[in-house]
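Visitor: Numbering (full-length UniProt numbering), first residue to last: 1 to 397. Don't be surprised by glycine CBs; every beta carbon is placed ideally from N, CA and C.
Structure follows, in structure tokens:
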């Protein structure tokens with residue numbers, strides 16, 4: 001009572017408001033720190049029986065308008081629609097109101113100056129988008145633009161890489177002055193750099209990948225390593241596309257890291273991994289520089305190539321999805337769990353192949369990845385999951 005007499009009502013409300021805001025800020029910061037998405041996924045995967053990873057599909061049927069006959073398919077993408085798909089998807093996935101808040105939830109303990117690395121699937125980019133499906137430039141650039149504009153990340157702190165591709169080709173599809181890392185070229189300079197293990201594309205001798213199946217060629221054992229582009233980064237964003245594969249049902253987020261490995265024999269293409277592909281996929285992904293640093297998986301599902309690598313289909317381009325009324329996927333997928341993500345995408349592809357009476361290839365690697373603690377595996381052609389929280393959101397206007 002004595003205190004109330006000395007403080008008038010207006011002052012009392014100010015004091016009360018101050019303590020309220022302090023409490024809310026403390027609780028929010030604590031919650032955000034404890035539930036940063038990368039850490040939350042890893043911490044709960046093997047300890048929480050009720051844990052259900054989220055796989056979010058954002059859809060807009062106006063995202064693309066290609067007739068599947070002529071022209072370069074990436075010229076038939078509506079950039080503004082993709083930007084909305086991405087921002088609404090990231091906010092929905094993180095349950096946030098602002099895109100900056102979303103990034104801070106995703107990028108565990110982010111500090112200005114941290115290196116953020118993007119790994120799109122740019123395999124065979126040299127063929128061009130008029131002959132081959134890769135992660136589209138619009139999706140890559142949309143992610144970069146969001147980081148630069150909302151989080152004020154400097155472009156020189158962003159790396160984009162695929163070590164199976166000439167970095168000059170990567171530079172041509174990126175709108176920002178980021179660091180592009182790829183394979184060594186065949187020039188004299190490139191051969192010298194390769195011999196010297198020069199640059200971020202070189203292997204880190206301290207980051208050997210433990211393979212459960214020995215890798216060998218011509219009777220010689222081959223060691224696998226992480227590249228310096230990954231050992232020097234703090235945050236990794238995986239941006240695969242949706243396509244089948246000549247040896248697998250799906251080439252997705254985990255298979256995308258075949259374009260990450262460096263080999264002791266100097267090979268710059270992962271063909272030697274195909275003999276043990278099921279084990280190799282999960283062995284590579286469970287390396288600490290991938291598993292511990294991957295903050296987000298954004299799947300470029302604008303088109304999709306469900307016939308890639310299947311019998312009697314020799315093309316590499318996207319095709320119409322008969323299960324979607326002869327349209328494109330027109331989607332972006334968001335998750336942190338690579339196994340759950342690929343479970344969902346495998347079902348989407350297998351449904352399409354079954355409709356076309358095409359025998360689907362193996363997805364055995366998903367069970368192996370689950371056993372190695374990389375995520376939740378659950379297959380359901382009907383896409384009614386019990387262990388995966390699969391959310392579909394149509395933002396078509």
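1) With the cut-off set at 9 Å, would you say residue 118 and residue 93 are in Cβ contact?
2) Enumerate, from N- to C-terminal direction, the unbroken beta strand (DSSP E) stretches of 3 or more residues contained entirely within the region 279-326.
3) Straight-line CA distance for residue 311 to residue 358?
4) Please state whether DSSP places residue 98 in a helix, a strand or coil.
5) Hey, is the region 318-327 in contact with the region 347-355, meaning 3+ C-beta pairs nearer than 8 Å?
6) Closest Cβ-Cβ distance between residue 179 and chain B: below 9 Å?
7) Residue 249 and residue 170: beta carbons closer than 9 Å?
8) Only counting the same chain, and skipping five residues up and downstream in sequence, which positions put a Cβ closer than 8 Å to that of residue 78?
9) From residue 216 to residue 203, what distance separates their C-alpha atoms?
10) Considering only residues of the region 84-140, which uninterrupted beta strand (DSSP E) runs meet the minimum length of 3 residues and lie entirely inside it, listed in chain order?
11) Quick one: what's got a C-beta closer than 8 Å to residue 102's C-beta in the same chain, skipping five residues either side?
12) Going by DSSP, name the residue or residues bridged to residue 389.
13) Looking at the structure shown, is residue 357 part of a helix, part of a strand, or coil, going by DSSP?
14) Which of the three DSSP states, helix, strand or coil, is assigned to residue 379?
15) Below 8 Å on the Cβ atoms is my guess for residue 365 versus residue 281; work out the distance and round it to an integer in Å.
16) According to DSSP, is residue 73 helix, strand or coil?
17) Suppose you measure from the CA of residue 149 to the CA of residue 221; what does that come to, to the nearest Å?
18) Note the first and the last residue of the continuous alpha helix (DSSP H) segment covering residue 198.
19) Determine the burial state of residue 196: buried for a count of at least 16 other Cβ atoms within 10 Å of its Cβ, exposed for fewer.
20) Who are the near neighbours of residue 157 in its chain, counting only those whose CB is closer than 8 Å to its CB and skipping five residues on each side?
21) May I ask which residues mark the beginning and end of the alpha helix (DSSP H) holding residue 173?
22) Between residue 395 and residue 104, which are expected to be in contact by the criterion C-beta below 8 Å, what is the C-beta distance as a whole number of angstroms?
23) Under three-state DSSP, which class holds residue 274?
24) What's the gap between the Cα of residue 275 and the Cα of residue 151?
25) For residue 287, which residues in the same chain have their Cβ closer than 7 Å to its Cβ, ignoring the five residues on either side in sequence?
26) Distance check for residue 163 and residue 198, CA to CA, integer angstroms please.
27) In this structure, how does DSSP classify residue 338 when only helix, strand and coil are distinguished?
28) Pick out whichever of 243, 254, 397 has its Cα sitting closest to the Cα of residue 237.
29) So what does DSSP say about residue 213, is it helix, strand or coil?
30) Residue range of the alpha helix (DSSP H) that residue 367 falls in?
31) Return the first residue and the last residue of the beta strand (DSSP E) that residue 242 is part of.
32) Over what stretch of residues does the alpha helix (DSSP H) that includes residue 395 continue unbroken?
33) Considering Cα atoms alone, identify which of 260, 383, 376, 278 is closest to residue 289.
34) Quick one: measure Cβ to Cβ for residue 144 and residue 110, integer angstroms, because I've assumed they're closer than 8 Å.
35) For residue 256, does the count of other Cβ atoms within 10 angstroms reach 16, so buried, or fall short, so exposed?
Guide: In short, the structure shows the following:
1) The residue labelled residue 118 in the question sits at position 118 within the chain shown. The residue labelled residue 93 in the question sits at position 93 within the chain shown. Cβ distance not < 9 Å, so residue 118 and residue 93 don't count as in contact.
2) 294-305
3) By one-based count along the chain shown, residue 311 stands at place 311. By one-based count along the chain shown, residue 358 stands at place 358. Rounded to whole angstroms, residue 311 to residue 358 spans 8 Å at the Cα level.
4) By one-based count along the chain shown, residue 98 stands at place 98. The answer is coil: DSSP assigns residue 98 none of H, G, I, E or B.
5) yes
6) The chain inventory of the structure shown lacks chain B, comprising one protein chain alone.
7) For the purposes of this step, residue 249 is taken as residue 249 along the chain shown, with counting starting at 1. For the purposes of this step, residue 170 is taken as residue 170 along the chain shown, with counting starting at 1. Against a cut-off of 9 Å, the Cβ pair of residue 170 and residue 249 comes out as no contact.
8) Looking up residue 78 in the chain shown gives position 78. Cβ within range, chain order: 62, 63, 64, 65.
9) Position 216 of the chain shown holds residue 216. Position 203 of the chain shown holds residue 203. Approximately 18 Å between the Cα atoms of the pair.
10) 116-120
11) Counting from one through the chain shown, the residue named residue 102 turns up at place 102. Cβ neighbours of residue 102 beyond the five flanking positions: 90, 91, 93, 94, 96.
12) Residue numbering aside, residue 389 sits at position 389 when the chain shown is read from its first letter. In the DSSP output, where bridge partners are listed per residue, residue 389 has 54.
13) Your numbering for residue 357 matches position 357 in the chain shown. In the structure shown, residue 357 sits in coil (DSSP, three-state: anything other than H, G, I, E or B).
14) As a working mapping, residue 379 is identified with position 379 in the chain shown. If DSSP states are grouped into helix, strand and coil, residue 379 belongs with coil.
15) For the purposes of this step, residue 365 is taken as the residue at position 365 of the chain shown. For the purposes of this step, residue 281 is taken as the residue at position 281 of the chain shown. That belief holds up - the Cβ atoms of residue 365 and residue 281 are roughly 5 Å apart, short of 8 Å.
16) Your numbering for residue 73 matches position 73 in the chain shown. Reduced to three states, the DSSP call for residue 73 is helix.
17) As a working mapping, residue 149 is identified with position 149 in the chain shown. As a working mapping, residue 221 is identified with position 221 in the chain shown. Spanning the two alpha carbons is a distance of roughly 47 Å.
18) On the chain shown, position 198 is the one that residue 198 refers to. Residue 198 -> no alpha helix (DSSP H), and no H or E assigned at all.
19) On the chain shown, position 196 is the one that residue 196 refers to. Exposed, because fewer than 16 other Cβ atoms sit within 10 Å of the Cβ of residue 196.
20) Numbered from its first residue, the chain shown carries residue 157 at position 157. So the list reads 113, 114, 115, 116, once near-sequence residues are dropped.
21) Against the chain shown, residue 173 aligns to sequence position 173. Counting along the chain, the alpha helix (DSSP H) containing residue 173 begins and ends at 167-173.
22) As a first step, residue 395 must be located in the chain shown, where it is residue number 395. As a first step, residue 104 must be located in the chain shown, where it is residue number 104. The pair is not a contact, with the Cβ atoms about 23 Å apart (cut-off 8 Å).
23) Position 274 of the chain shown, counted from the start, is the residue given in the question as residue 274. Helix at residue 274.
24) Within the chain shown, numbered from 1, the residue matching residue 275 stands at position 275. Within the chain shown, numbered from 1, the residue matching residue 151 stands at position 151. Those two C-alpha atoms are separated by around 42 Å.
25) Looking up residue 287 in the chain shown gives position 287. If we look at residue 287 and ignore the five residues flanking it on each side, its Cβ neighbours are 209, 226.
26) Locating residue 198 in the chain shown gives position 198, counting from the first residue. Locating residue 163 in the chain shown gives position 163, counting from the first residue. Computed Cα separation, rounded: 13 Å.
27) Position 338 of the chain shown, counted from the first residue, corresponds to residue 338. Three-state DSSP puts residue 338 in a helix.
28) Taking the chain shown and counting its residues from 1, the one referred to as residue 237 is at position 237. Among 243, 254, 397, the Cα nearest to that of residue 237 is on 254.
29) Within the chain shown, numbered from 1, the residue matching residue 213 stands at position 213. Note: residue 213 maps to coil in three-state DSSP.
30) Mapped onto the chain shown, residue 367 falls at position 367. Its alpha helix (DSSP H) spans residues 364-371.
31) On the chain shown, residue 242 is found 242 positions in, with the first residue counted as 1. Note, residue 242: beta strand (DSSP E), 241-243.
32) Along the chain shown, one-based indexing puts residue 395 at 395. Element bounds for residue 395: n/a, residue is neither H nor E.
33) Position 289 of the chain shown, counted from the start, is the residue given in the question as residue 289. When only C-alpha atoms are compared, the closest one is 260.
34) If you number the chain shown from 1, residue 144 lands on position 144. If you number the chain shown from 1, residue 110 lands on position 110. Actually they do not touch by this definition, with Cβ atoms about 16 Å apart.
35) By 1-based counting over the chain shown, the position of residue 256 is 256. Classification of residue 256: buried, given that the 10 Å Cβ count is 16 or more.
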